[in-house]
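Novice: In our numbering, the protein residues as written are 2 to 167.
One structure, pasted below without further comment.
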């Protein structure tokens, strides 16, 4: 377990856990809200990303969500089986496929958006309007900063001896 250094402000050690707790609370509540519709919170994010209007390549979709490309591909297979998205050959790149919502996917997204209104309202009402605006700016800043950091190469667990920690 990592402990804070004596001169570190409390927020420095608490920020990662607070962000994680907020994310998990949102994810759990969203999963529960969308379950009657047969959709997970992560699938909702994919549909919301596509609902912005343009067909995207699978790679671009994974980047915009942001999510792991293999996870996105698995979700696409499920959503395509449900008739919510369609994947087509890319017009300029034979190796790529574009993804777009179907008419049924648009209807499902609208239903899900409505179903999630109480969650968005609760998040917004937990803050003053200017705090909500600032939080969005700050979270984007944190995400951009962390995306720009190249993580150090970690030792493979295969090279560790039993009981040894990274």
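We treat Cβ as the ideally placed atom computed from N, Cα and C, and that holds for glycine.
For clarity, every value in this text was computed on a predicted model and none was experimentally measured.
On the DSSP bridge list, what partners appear for residue 89?
Specialist: Position 88 of the chain shown, counting from 1, holds the residue named residue 89. According to DSSP, residue 89 bridges with 99.
Novice: Could you tell me the distance, in whole angstroms, from the CA atom of residue 27 to the CA atom of residue 120?
Specialist: Position 26 of the chain shown, counted from the start, is the residue given in the question as residue 27. Position 119 of the chain shown, counted from the start, is the residue given in the question as residue 120. When rounded, the distance between both Cα atoms is 8 Å.
Novice: Can you name, in chain order, every residue of its own chain whose Cβ lies under 7 Å from the Cβ of residue 34, other than the five neighbours on each side?
Specialist: As a first step, residue 34 must be located in the chain shown, where it is residue number 33. Only 116, 117, 120 meet the Cβ criterion.
Novice: Given that a residue counts as buried once 16 or more other Cβ atoms are within 10 Å of its Cβ, and exposed if not, what is residue 66?
Specialist: Indexing the chain shown from 1 puts residue 66 at position 65. Per the 10 Å Cβ criterion, buried.
Novice: Report the rounded CA-to-CA distance for residue 44 versus residue 80, giving the unit in angstroms.
Specialist: For this step, residue 44 is matched to residue 43 along the chain shown. For this step, residue 80 is matched to residue 79 along the chain shown. Spanning the two alpha carbons is a distance of roughly 8 Å.
Novice: Residue 62: which of 108, 21, 86 sits nearest, CA to CA?
Specialist: Taking the first residue of the chain shown as 1, we reach residue 62 at position 61. Per the Cα distances, 86.
Novice: Hey, how far is the Cα of residue 90 from the Cα of residue 56?
Specialist: On the chain shown, position 89 is the one that residue 90 refers to. On the chain shown, position 55 is the one that residue 56 refers to. Computed Cα separation, rounded: 11 Å.
Novice: Where do the N-terminal and C-terminal ends of the alpha helix (DSSP H) with residue 149 fall, by residue?
Specialist: Within the chain shown, residue 149 is the residue found at index 148, counting from 1. Start and end: 130–149.
Novice: What separation, rounded to the nearest whole angstrom, lies between the Cα atoms of residue 77 and residue 96?
Specialist: Taking the first residue of the chain shown as position 1, residue 77 is located at position 76. Taking the first residue of the chain shown as position 1, residue 96 is located at position 95. Approximately 17 Å between the Cα atoms of the pair.
Novice: With DSSP run on the structure shown, which of helix, strand or coil describes residue 41?
Specialist: For the purposes of this step, residue 41 is taken as residue 40 along the chain shown, with counting starting at 1. Residue state, collapsed to three classes: coil.
Novice: Buried or exposed: where does residue 31 fall if 16 or more other Cβ atoms within 10 Å of its Cβ makes it buried?
Specialist: As a working mapping, residue 31 is identified with position 30 in the chain shown. Classification of residue 31: buried, given that the 10 Å Cβ count is 16 or more.
Novice: Note down the Cα distance separating residue 6 from residue 147, rounded to an integer number of angstroms.
Specialist: Start at 1 with the first residue of the chain shown, and residue 6 comes out as number 5. Start at 1 with the first residue of the chain shown, and residue 147 comes out as number 146. Near 21 Å, if we compare the C-alpha coordinates of residue 147 and residue 6.
Novice: Taking the CB atoms as reference points, tell me whether residue 84 and residue 99 lie closer together than 7 Å.
Specialist: Mapped onto the chain shown, residue 84 falls at position 83. Mapped onto the chain shown, residue 99 falls at position 98. No; because the gap between Cβ atoms is not below 7 Å, this pair is not in contact.
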